[in-house]
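J.:
Numbering (full-length UniProt numbering), first residue to last: 1 to 268.
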């Protein structure tokens, strides 16, 4: 279960593209979805809080996963009252040696440390980049969007710049394009091209350490890995360790990609 993190008061709290969540006061929402949409944690982690008896609705502990709540209900998770927040969306250029988590018990640098003054809201990473992988990472409190972007059925495009201890040969790059067999199934590059120092590869999967394992298949290891494109978004104008808000067009573009309705940014 992920350790919750209390948001700090932002230095610049006015995100240009915050948007209200489109729920009626008496609309019924599945409890794990409600918790995720409050920005407290992911739906998966919400299920763990529920199973552990750490969720209360109107003062009563609930342990049933399918229970539904209304925005007017009082919901507490692990002793903290939560409520629906405006959605916010952040693109971070993650540096090396930064942990993709909301908190780290060993007090290492996390992606949250890079954006801690951004919103004052609880956002969490969409997927993971391992500690030594750099590049594009989305953080949001839009639970539906995060869930679908990470789900394999939506085939979200990811492009990486890769360097390895031994440069892969043209034949090995061709094998990656055709597909190789790893311990958890076949892996293949959608596109691949050689560069001076390594290669650029596009994939549509998000399995753990997939790019690194694809390189290790050929008896060498990755020495540099950077994701510079994700779901059509790029790092243009965002320096290493810096972040920016997504635009309205980018947000609704992502939602359309994973078959979610567009958001109304004019709603008061």
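Ideal placement from N, C-alpha and C gives every residue a C-beta, glycine not left out.
(1) Got a sec, what are the start and stop residues for the beta strand (DSSP E) residue 80 sits in?
(2) Please determine if the stretch 253-264 and the stretch 180-192 are in contact, where contact requires at least 3 C-beta pairs separated by less than 8 angstroms.
(3) Within the chosen definition, does the stretch 29-43 reach the stretch 122-131 through at least 3 CB pairs nearer than 8 angstroms?
(4) I need the DSSP call for residue 148, collapsed to helix, strand or coil.
(5) Given this structure, state the Cα-to-Cα distance separating residue 86 from residue 29, to the nearest angstrom.
(6) Just to check my reading of the structure: residue 109 and residue 98 have Cβ atoms closer than 8 angstroms, yes? What is that Cβ distance to the nearest angstrom?
(7) Three Cβ pairs or more, each shorter than 8 angstroms: is that satisfied between the stretch 192-200 and the stretch 145-152?
(8) Please report how far the alpha carbon of residue 170 lies from the alpha carbon of residue 215, in whole angstroms.
(9) For the beta strand (DSSP E) holding residue 245, just list the boundary residues, first then last.
(10) If you drop the 5 nearest sequence neighbours on each side, which residues of the same chain put their C-beta closer than 8 angstroms to that of residue 3?
(11) What does the alpha-carbon distance come out to for the pair residue 193 and residue 136?
(12) Closer than 8 angstroms is the cut-off here; do at least three beta carbon pairs connect the stretch 208-226 with the stretch 156-175?
(13) Using three-state DSSP, classify residue 60 as helix, strand or coil.
(14) In terms of residues, what are the limits of the beta strand (DSSP E) holding residue 135?
(15) Give me, in chain order, the residues of the same chain whose beta-carbon lies closer than 6 angstroms to that of residue 89; leave out the 5 immediate sequence neighbours on both sides.
(16) Excluding the 5 residues preceding and the 5 following residue 128 in the sequence, name in chain order all residues of the same chain whose CB lies nearer than 7 angstroms to its CB.
(17) Rounded C-beta distance between residue 69 and residue 154? I'm assuming under 8 angstroms.
(18) Taking residue 45 as the reference, give the member of 18, 77, 60, 27 with the closest Cα.
(19) Just how far apart, CA to CA, sit residue 161 and residue 31?
(20) Determine the contact status of residue 177 and residue 189, defining contact as a CB-CB distance below 8 angstroms.
(21) Can you tell me whether DSSP reads residue 14 as helix, strand or coil?
(22) In whole angstroms, give me the CA-to-CA distance for residue 55 and residue 175.
(23) Could you have a look at residue 198 and say whether DSSP puts it in helix, strand or coil?
(24) Unbroken beta strand (DSSP E) runs of length 3 or more, entirely within the stretch 24-74: which are they?
(25) DSSP has residue 19 in a bridge; who is on the other side?
T.: Concretely, from the data shown:
(1) 80-82
(2) no
(3) yes
(4) helix
(5) Taking the straight line joining both Cα atoms gives about 16 angstroms.
(6) 5 angstroms
(7) no
(8) A direct Cα-to-Cα measurement between residue 170 and residue 215 gives close to 13 angstroms.
(9) For residue 245, the enclosing beta strand (DSSP E) stretches over residues 243-245.
(10) Note on residue 3: pLDDT 45, under 50, position unreliable in the model; the coordinate value appears next. Cβ within range, chain order: 102, 103, 105.
(11) 20 angstroms
(12) yes
(13) strand
(14) 134-140
(15) Only 140, 246, 251 meet the Cβ criterion.
(16) If we look at residue 128 and ignore the five residues flanking it on each side, its Cβ neighbours are 100.
(17) Not a contact, Cβ separation roughly 27 angstroms.
(18) 77
(19) 40 angstroms
(20) yes
(21) With a pLDDT of 49 at residue 14, under the threshold of 50, the modelled position of this residue cannot be trusted, and the question is left open.
(22) 49 angstroms
(23) coil
(24) Qualifying beta strand (DSSP E) stretches, in chain order: 55-57.
(25) Paired residue(s): 87.
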